[in-house]
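**Student:** Residue numbers (the UniProt record's numbering), protein chains in the order written: chain A, 1 to 353; chain P, 1 to 353; chain B, 1 to 353; chain F, 1 to 353.
Even for Gly, the Cβ is constructed at its ideal location relative to N, Cα and C.
There are 4 protein chains.
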Amino acid sequence: MRLQVRARLAGMTSRVAVAGASGYAGGEVLRLLLGHPEVEIGALTAGSNAGSRLGEHHPHLTPLADRVLGETTQEVLAGHDVVFLGLPHGASAEVAAQLGDDVLIVDCGADFRLTDSQAWQTFYGGEHAGSWPYGLPELPGQRERLAGVNRIAAPGCFPTVSTLSILPAVGAGLVDPDVVVVAATGTSGAGRSLKPHLLGAEVMGQASVYGVGGVHRHTPEIEQNLALTGADGVRVSFTPILAPMSRGILATVSAPARPGVDADDLRAAYAKAYDDEPFVHLLPEGQWPQTKGVLGSNCVHVQAALDERVGRVVAVGAIDNLTKGTAGTAIQSMNLALGLPEGLGLPVAGVAP
Amino acid sequence: MRLQVRARLAGMTSRVAVAGASGYAGGEVLRLLLGHPEVEIGALTAGSNAGSRLGEHHPHLTPLADRVLGETTQEVLAGHDVVFLGLPHGASAEVAAQLGDDVLIVDCGADFRLTDSQAWQTFYGGEHAGSWPYGLPELPGQRERLAGVNRIAAPGCFPTVSTLSILPAVGAGLVDPDVVVVAATGTSGAGRSLKPHLLGAEVMGQASVYGVGGVHRHTPEIEQNLALTGADGVRVSFTPILAPMSRGILATVSAPARPGVDADDLRAAYAKAYDDEPFVHLLPEGQWPQTKGVLGSNCVHVQAALDERVGRVVAVGAIDNLTKGTAGTAIQSMNLALGLPEGLGLPVAGVAP
Amino acid sequence: MRLQVRARLAGMTSRVAVAGASGYAGGEVLRLLLGHPEVEIGALTAGSNAGSRLGEHHPHLTPLADRVLGETTQEVLAGHDVVFLGLPHGASAEVAAQLGDDVLIVDCGADFRLTDSQAWQTFYGGEHAGSWPYGLPELPGQRERLAGVNRIAAPGCFPTVSTLSILPAVGAGLVDPDVVVVAATGTSGAGRSLKPHLLGAEVMGQASVYGVGGVHRHTPEIEQNLALTGADGVRVSFTPILAPMSRGILATVSAPARPGVDADDLRAAYAKAYDDEPFVHLLPEGQWPQTKGVLGSNCVHVQAALDERVGRVVAVGAIDNLTKGTAGTAIQSMNLALGLPEGLGLPVAGVAP
Amino acid sequence: MRLQVRARLAGMTSRVAVAGASGYAGGEVLRLLLGHPEVEIGALTAGSNAGSRLGEHHPHLTPLADRVLGETTQEVLAGHDVVFLGLPHGASAEVAAQLGDDVLIVDCGADFRLTDSQAWQTFYGGEHAGSWPYGLPELPGQRERLAGVNRIAAPGCFPTVSTLSILPAVGAGLVDPDVVVVAATGTSGAGRSLKPHLLGAEVMGQASVYGVGGVHRHTPEIEQNLALTGADGVRVSFTPILAPMSRGILATVSAPARPGVDADDLRAAYAKAYDDEPFVHLLPEGQWPQTKGVLGSNCVHVQAALDERVGRVVAVGAIDNLTKGTAGTAIQSMNLALGLPEGLGLPVAGVAP
């Protein structure tokens with residue numbers, strides 16, 4: 001509880017470091033921290049980009065443009081209250097071990113998201129590093145669990161929007177938890193990796209799929225989340241579409257409606273689930289989510305309908321993969337861990353058109 | 001059979017008119033006709049654009065830029081062997097009635113696609129105009145049915161790619177015909193209509209959905225096609241995604257695998273179905289369709305996988321909504337009706353990147 | 001001075017109305033006002049969209065989604081301290097006359113930007129409504145002129161970036177003021193107007209020009225701005241490019257270098273001009289502006305080089321056409337008029353990638 | 001003349017190899033060759049992609065998808081009548097030397113474009129390999145010079161469109177040859193190189209500049225071309241803009257009008273220059289080029305205007321950088337070299353929207 005107490009002291013700001021600051025996750029964490037009234041931005045580190053100016057990688061972070069990136073070492077990261085990690089797969093555990101228990105570490109990577117070692121083996125392979133408190137406050141009971149913790153695993157972007165799109169229907173038992181997710185994502189979701197299929201000339205003007213047939217690593221994370229409702233036998237078929245846009249995820253999530261369920265039941269379940277959520281916005285009936293409704297904001301827009309003819313609930317959710325899908329939920333969880341107001345520093349209006 | 005005989009005469013080209021030439025469907029028909037060795041392009045007509053130069057609307061059709069658009073009247077369209085219709089919903093029946101039976105009419109609109117009046121009522125409303133021979137030669141027995149006809153209803157773009165993506169699995173009884181389609185389309189699929197949500201500033205950089213919950217008009221057309229396999233109780237849940245691109249559809253089509261089906265069965269069914277098809281290309285294992293693989297071409301790229309963990313077949317197909325999705329299949333069907341080689345004038349290589 | 005005094009009173013927020021709230025300019029004003037600590041958002045009005053929810057038009061403005069748009073009338077707009085106008089060409093004068101002199105009116109349209117009636121006649125035609133204080137604080141002496149005013153003409157987006165890109169070179173006499181501007185803009189610059197060439201299917205994947213040959217209405221505004229340096233005979237050739245993006249302007253602005261000018265002179269002039277400007281950021285040598293460096297922010301990124309071989313200074317500037325190009329500069333000017341800190345509520349970090 | 005004679009023999013097709021087939025230039029050469037009636041596609045080679053299927057790199061080339069890429073060696077390239085080179089900078093000379101003089105080699109790279117060794121030194125550095133006949137048939141006298149040659153240097157994409165946009169005005173002496181070019185290009189112009197700034201997430205939704213200030217390597221090539229008109233003292237200021245699109249270049253090219261020149265002189269000069277050109281299309285007055293007018297086609301669209309107020313001719317041209325900008329002009333030049341009809345196999349209609 002030390003961390004939480006510390007932040008609660010009047011006028012005391014937290015000193016925050018970002019490891020992996022030249023990547024997309026790191027850049028978005030910094031963009032949001034610049035607007036957060038209770039943090040001071042400390043060390044920024046990188047891998048191969050260490051030694052360069054932040055402005056070379058993130059020209060949009062004008063106030064930080066002249067900051068020079070350090071190495072991701074214990075020395076550089078020491079002396080901070082909070083450290084965000086935007087590191088390559090598998091690298092977080094070692095850095096965390098070096099930093100000790102009195103630092104709040106928020107990992108934007110996947111290493112500590114799954115609780116089930118078997119699922120880890122199946123989808124990631126290699127040794128399972130363990131699990132940290134999961135940074136999706138909108139899950140049942142999760143908000144409370146995040147208070148005062150010193151380790152947070154920020155969720156994957158697809159799991160966040162997929163889960164929140166269908167959670168009320170699964171939670172209220174309105175559907176069989178045999179869920180089909182098809183989600184279109186902007187290409188920043190793949191990170192800043194130099195792969196031929198991510199070149200602009202390839203992705204512009206076209207849609208493609210990847211990780212088809214039940215192999216995408218975010219699949220067990222969605223199942224893990226939905227199982228928290230108590231539903232038995234949750235199964236998720238997940239297909240991601242790479243869409244020609246930089247940011248945003250639009251998820252269509254459907255499942256067989258249980259007999260006797262009607263449209264009013266569905267609407268009521270979603271309203272009950274989300275009316276008090278600060279960042280999940282159930283759209284008015286007839287209006288459907290679009291990614292531009294949430295770009296740059298920490299909001300989730302959700303809508304659901306019952307297709308009575310074929311007996312299926314079809315829900316749709318939209319998030320910004322870098323904001324609510326990564327950095328926003330990370331900071332939201334940090335706020336909860338530090339005892340700050342949950343929404344502090346988090347934008348609720350997006351940037352559009 | 002007069003039409004067919006006529007075209008078969010050596011050296012005889014067909015004179016072709018296009019009604020609705022300033023729209024996207026009409027423009028694509030013209031693009032393809034420019035490369036067709038057995039047609040002569042005759043009258044071009046339009047609605048409110050009558051009197052203007054074609055080059056104002058389709059600057060890419062350089063060789064036809066100075067053609068002036070006529071009115072869509074019986075007089076202007078008379079004297080052609082083939083007339084393509086790219087008209088607003090509900091307008092085709094009257095034009096067809098004026099033109100008589102010795103003209104091949106290919107309707108790129110929806111008016112004559114459905115055979116079931118009840119389905120028409122449910123999804124379109126209003127009076128059902130009837131049905132014409134359906135211009136998707138890849139359906140069972142359809143190629144033969146198109147020989148010599150004088151009326152063709154070109155299929156909808158979503159039904160073409162959705163059907164062909166899952167047809168082999170349904171036809172071979174490998175899945176329950178309880179199909180979930182989520183398809184991302186370029187915005188040209190909405191035609192050249194001036195609606196706020198189709199403005200460039202709205203669609204660029206974003207994904208949205210529309211017609212969610214079982215109301216999109218292409219739904220019964222997909223069911224009608226899949227039922228031709230003899231499968232009972234075909235049900236389709238269809239959700240279209242508007243993606244930030246001009247052209248192309250990427251469809252993900254999934255259905256519950258029947259017990260005992262394995263990956264080899266699936267591959268074999270697709271290979272058997274498509275090995276001899278000139279325009280449907282089953283990709284090598286591990287390679288998945290992308291819309292840039294087919295842009296500007298009449299090809300369909302298809303791939304399928306079995307997700308054994310959740311018991312679901314996931315198939316993906318890609319087409320160009322304007323080529324194989326509209327104008328290409330229309331000309332392919334015209335070729336069959338006229339007794340010409342099926343692929344005459346139809347591009348098999350796309351334009352990429 | 002009444003306005004300025006009023007806002008300076010401790011704890012007193014200004015009540016702000018936005019006329020034309022469903023358009024792009026109005027939406028961006030609202031996005032920024034949501035983050036402004038000293039305003040309360042009052043009436044929102046529209047033309048044909050009156051009566052509808054704001055969320056239908058701007059789903060990204062989640063906190064205001066349920067606001068209903070009123071008519072743009074004197075009654076609805078009365079009782080506010082500040083009124084922003086995002087109205088069609090020619091409509092601002094009448095609304096302003098109704099509102100009286102004790103209201104600060106900030107016009108995002110062109111009606112009051114030009115001081116020269118002859119230039120108005122040539123480029124706009126019709127009667128010249130007059131001129132209001134020009135809302136570009138970075139012009140020589142302009143910051144001071146805006147203090148306490150009750151009318152502001154927010155600049156055009158192209159003039160803002162074009163002017164600021166070359167102003168130091170012209171002001172220091174390093175170039176002949178015979179300026180060639182070619183600027184690529186996102187399509188939101190054309191507003192939310194339903195024109196065929198602005199449809200997504202038209203603009204995506206393509207670049208086009210418009211207003212070529214010296215006829216674009218922003219031309220005399222750039223000349224007017226540059227003449228404020230005292231330079232004689234300013235002439236601007238301006239060509240806008242419509243680029244396939246929603247937001248952002250990238251301007252290339254060049255002029256003949258005067259004899260003897262070297263690269264150090266150039267750098268020094270820009271540094272002197274902009275080192276103390278809060279929103280104009282001269283990039284480090286070798287780094288060039290890109291629109292993603294400023295999207296969603298009120299910043300201008302600028303760089304310049306001397307091409308010694310051909311004797312030409314080439315400068316480049318980037319802005320977000322809706323933020324610094326419209327709503328941001330409008331609020332920056334409002335802050336000056338009200339005596340608030342100039343940068344209050346204005347984002348300095350952009351949203352990228 | 002042996003090559004030319006050979007191709008003229010009735011029924012004789014040329015066997016063509018493509019080195020660098022997995023790159024964008026190589027892919028576009030292949031797309032066009034697939035539609036060329038007088039060639040047979042032979043060996044396809046690559047660098048690091050040797051051994052892989054062509055379909056992995058160019059899924060749009062469906063008919064060639066199963067072709068396996070060979071190494072770029074003398075053995076593999078032997079036995080062809082024509083070899084296209086799409087190789088990295090500096091690699092063409094050695095391959096050409098190995099192939100001998102009885103093979104027509106068309107180089108899509110820059111190595112042999114410049115005639116002036118000094119210009120080479122200034123802009124490229126290193127040793128100048130020499131110059132080959134320049135593959136832009138629209139230059140004065142160039143069509144004739146290409147007949148029967150066995151080496152062709154295909155022009156750069158920017159030089160082609162920049163030159164053809166202003167050539168008539170320079171050639172007719174209507175302007176001072178003090179030319180300012182600002183050209184927006186799709187990102188495929190940078191090739192398939194894995195550079196961070198070419199990632200989709202970076203380029204989508206944004207415009208940037210590069211090679212500013214007189215350092216872009218295409219600059220002396222434009223000057224070289226314009227000097228062929230006999231104009232003295234040609235100087236070009238060239239600034240490229242990277243636009244968020246895969247293909248296409250839109251060039252704005254302006255120069256000071258000479259005294260007494262009027263709009264009719266200008267129109268007449270362009271009409272005279274281009275009325276008989278098969279691929280250069282002067283648009284009707286008032287219509288301006290857009291890249292979608294030429295995507296996928298070998299056409300150039302051109303328009304020009306006189307801005308009398310500031311005394312400047314502003315011309316605009318559009319090409320597809322991969323077609324007329326690279327592969328199309330290469331094949332057009334090949335046709336001339338082989339004595340085939342100049343336009344054989346070259347598309348004149350583009351693909352739009």
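For chain P, check one thing: does any of its Cβ atoms lie closer than 8 Å to the Cβ of A269/A?
**Tutor:** The count along the first sequence starts at 1 and reaches residue 269/A at position 269. So no, A269/A is outside the interface.
**Student:** Under DSSP, the alpha helix (DSSP H) around V29/B begins and ends at which residues?
**Tutor:** Here the question's residue 29/B lines up with position 29 in the third sequence. Residues 24-33.
**Student:** Pairing CB atoms from the stretch 226-245 of chain F with CB atoms from the stretch 265-276 of chain F, are three or more of them under 8 Å?
**Tutor:** With a cut-off of 8 Å, the stretch 265-276 of chain F and the stretch 226-245 of chain F do not count as touching, because too few Cβ pairs lie within range.
**Student:** Could you spell out the range, first to last residue, of the beta strand (DSSP E) harbouring A183/F?
**Tutor:** Taking the first residue of the fourth sequence as position 1, residue 183/F is located at position 183. Looking at the DSSP string, the run of the beta strand (DSSP E) that includes A183/F is 178-185.
**Student:** Let me know if T13/A comes out buried or exposed under the rule of 16 or more other beta-carbons within 10 Å of its beta-carbon.
**Tutor:** Residue mapping note: residue 13/A aligns to position 13 of the first sequence, counting from 1. T13/A comes out exposed.
**Student:** Where does E40/A sit, in a helix, a strand or coil, going by DSSP?
**Tutor:** On the first sequence, position 40 is the one that residue 40/A refers to. Strand at E40/A.
**Student:** For a cutoff of 8 Å on Cβ pairs, would you count A207/B as touching chain F?
**Tutor:** Stepping through the third sequence from its first residue, residue 207/B is reached at position 207. Yes, contact with chain F.
**Student:** Could you have a look at H140/F and say whether DSSP puts it in helix, strand or coil?
**Tutor:** Locating residue 140/F in the fourth sequence gives position 140, counting from the first residue. In the sequence on display, residue 140/F carries Pro and not His. In the structure shown, P140/F sits in coil (DSSP, three-state: anything other than H, G, I, E or B).
**Student:** Looking at E38/F: is its Cβ nearer than 8 Å to the Cβ of L336/F?
**Tutor:** Taking the fourth sequence and counting its residues from 1, the one referred to as residue 38/F is at position 38. Taking the fourth sequence and counting its residues from 1, the one referred to as residue 336/F is at position 336. Contact: no.
**Student:** Could you confirm whether any beta carbon from chain A is found closer than 8 Å to the beta carbon of Q332/P?
**Tutor:** On the second sequence, residue 332/P is found 332 positions in, with the first residue counted as 1. False, the Cβ-Cβ gap to chain A never drops below 8 Å.
**Student:** Is there at least one Cβ from chain F nearer than 8 Å to P196/A's Cβ?
**Tutor:** As a position in the first sequence, residue 196/A is number 196, starting the count at 1. Yes - at least one Cβ of chain F is within 8 Å of the one on P196/A.
**Student:** Return no unless some Cβ of chain F is closer than 8 Å to the Cβ of R6/P.
**Tutor:** Here residue 6/P corresponds to residue number 6 of the second sequence, with the count starting at 1. Reliability of the predicted coordinates at R6/P is poor, the pLDDT of 47 falling under 50, and no value is obtained from them.
**Student:** Within 8 Å (strictly less), CB to CB, does P133/F reach chain P?
**Tutor:** Here residue 133/F is taken as the residue at index 133 of the fourth sequence, counted from 1. Answer no: the Cβ-Cβ gap between P133/F and chain P never drops below 8 Å.
**Student:** Taking only the alpha-carbon atoms, compute the straight-line gap between residue 357/B and G200/B and give it to the nearest angstrom.
**Tutor:** Nothing can be reported for residue 357/B: it is not among the residues displayed for chain B, which extend from 1 to 353.
**Student:** For H216/P, tell me which candidate among M204/P, V182/P, A243/P, G141/P has the shortest Cα-Cα distance.
**Tutor:** Reading the second sequence from its first residue, position 216 is the one you call residue 216/P. H216/P has its Cα closest to that of V182/P, out of M204/P, V182/P, A243/P, G141/P.
**Student:** Using C-beta distances below 6 Å, list every residue in its chain close to V294/B, excluding the 5 sequence neighbours before and after it, in chain order.
**Tutor:** Taking the first residue of the third sequence as position 1, residue 294/B is located at position 294. So the qualifying residues of the chain are H301, A318, I319, D320, G350.
**Student:** Taking the alpha carbon of L322/P as the point to measure from, which residue in L61/F, P353/F, S92/F has its own alpha carbon closest?
**Tutor:** Mapped onto the second sequence, residue 322/P falls at position 322. Comparing Cα-Cα distances from L322/P to each of L61/F, P353/F, S92/F, the minimum goes to P353/F.
**Student:** Measuring only between beta-carbons, confirm whether G248/P sits less than 8 Å from chain F.
**Tutor:** Your numbering for residue 248/P matches position 248 in the second sequence. So no, G248/P is outside the interface.
**Student:** Residues of the stretch 20-32 of chain B in Cβ contact with chain A at a cutoff of 7 Å, in chain order, please.
**Tutor:** Against chain A - using a Cβ distance shorter than 7 Å - the residues of the stretch 20-32 of chain B are Y24, R31.
**Student:** If the cut-off is 7 Å on Cβ atoms, which residues from the stretch 105-138 of chain B count as contacting chain A, listed in chain order?
**Tutor:** Listed by position along the chain: nothing, the set is empty.
**Student:** Residues in its own chain within less than 7 Å of R192/B by CB, not counting five upstream and five downstream?
**Tutor:** By one-based count along the third sequence, residue 192/B stands at place 192. Closer than 7 Å at the Cβ level, and outside the excluded window around R192/B, lie G23, Y24.
**Student:** Taking the alpha-carbon positions, what's the D102/F to S162/F distance?
**Tutor:** For the purposes of this step, residue 102/F is identified with residue 102 of the fourth sequence, where counting begins at 1. For the purposes of this step, residue 162/F is identified with residue 162 of the fourth sequence, where counting begins at 1. Each residue's alpha carbon lies about 33 Å from the other.
**Student:** With 16 other CB atoms within 10 Å as the buried threshold, where does H58/B fall?
**Tutor:** The sequence position of residue 58/B within the third sequence is 58, counting from 1. The residue is buried, with at least 16 neighbouring Cβ atoms inside 10 Å.
**Student:** DSSP three-state label for R8/A, please.
**Tutor:** Counting from one through the first sequence, the residue named residue 8/A turns up at place 8. Confidence at R8/A is low in this model, with a pLDDT of 47, below 50, so its placement is unreliable and the value that follows should be read with caution. Three-state result, R8/A: helix.
**Student:** At a CB distance below 9 Å, what residues from the stretch 180-196 of chain B approach chain P? Give them in sequence order.
**Tutor:** For the stretch 180-196 of chain B, which is checked against every Cβ of chain P, the residues closer than 9 Å are G186, T187, S188, G189, A190, G191, R192, S193, L194, K195, P196.
**Student:** For K292/F, which residues from the same chain have a beta carbon less than 8 Å from its beta carbon, with the 5 sequence-adjacent residues on both sides left out?
**Tutor:** For this step, residue 292/F is matched to residue 292 along the fourth sequence. Contacts found: G248, G350, A352, P353.
**Student:** In the structure shown, what three-state DSSP assignment does R113/B receive?
**Tutor:** The count along the third sequence starts at 1 and reaches residue 113/B at position 113. In this structure, R113/B counts as coil in the three-state DSSP scheme.
**Student:** So, at 6 Å on beta carbons, what are the nonlocal neighbours of residue 427/P in its own chain, with the 5 sequence-adjacent residues on each side left out?
**Tutor:** The question about residue 427/P has no answer here: the residues shown for chain P are numbered 1 through 353.
**Student:** Could you tell me which residues DSSP puts in a beta bridge with H301/B?
**Tutor:** For the purposes of this step, residue 301/B is taken as the residue at position 301 of the third sequence. In DSSP, H301/B forms a bridge with H281/B, A318/B.
**Student:** Can you check whether the C-beta of P159/P is within less than 8 Å of a C-beta belonging to chain B?
**Tutor:** For the purposes of this step, residue 159/P is identified with residue 159 of the second sequence, where counting begins at 1. It does not: the Cβ of P159/P has no partner Cβ on chain B nearer than 8 Å.
**Student:** Counting C-beta neighbours from all protein chains within 10 Å, is the total for M1/F 16 or more, i.e. buried, or is it exposed?
**Tutor:** The residue given as residue 1/F occupies position 1 in the fourth sequence. Model confidence at M1/F stands at a pLDDT of 34, short of 50, so the residue's coordinates are unreliable; what they give is reported in the following sentence. Exposed, since its Cβ has fewer than 16 Cβ neighbours within 10 Å.
**Student:** When you compare the stretch 231-243 of chain F with the stretch 170-189 of chain F, are there three or more beta-carbon pairs, one atom per stretch, that lie closer than 8 Å?
**Tutor:** Yes, the stretch 231-243 of chain F touches the stretch 170-189 of chain F.
**Student:** The alpha helix (DSSP H) with L77/F in it runs from where to where?
**Tutor:** Numbered from 1 along the fourth sequence, position 77 holds the residue referred to as residue 77/F. Note, L77/F: alpha helix (DSSP H), 74-77.
**Student:** Just to confirm the assignment: which complete alpha helix (DSSP H) runs, minimum length 4, are found wholly within the stretch 239-280 of chain F?
**Tutor:** Correct list: 263-274.
**Student:** In terms of DSSP beta bridges, what is I152/B paired with?
**Tutor:** Locating residue 152/B in the third sequence gives position 152, where the first residue counts as 1. I152/B is bridged to V106/B.
**Student:** Per DSSP, which one or two residues make a beta bridge with G70/P?
**Tutor:** To locate residue 70/P, count along the second sequence from 1; it is residue 70. G70/P pairs with T45/P.
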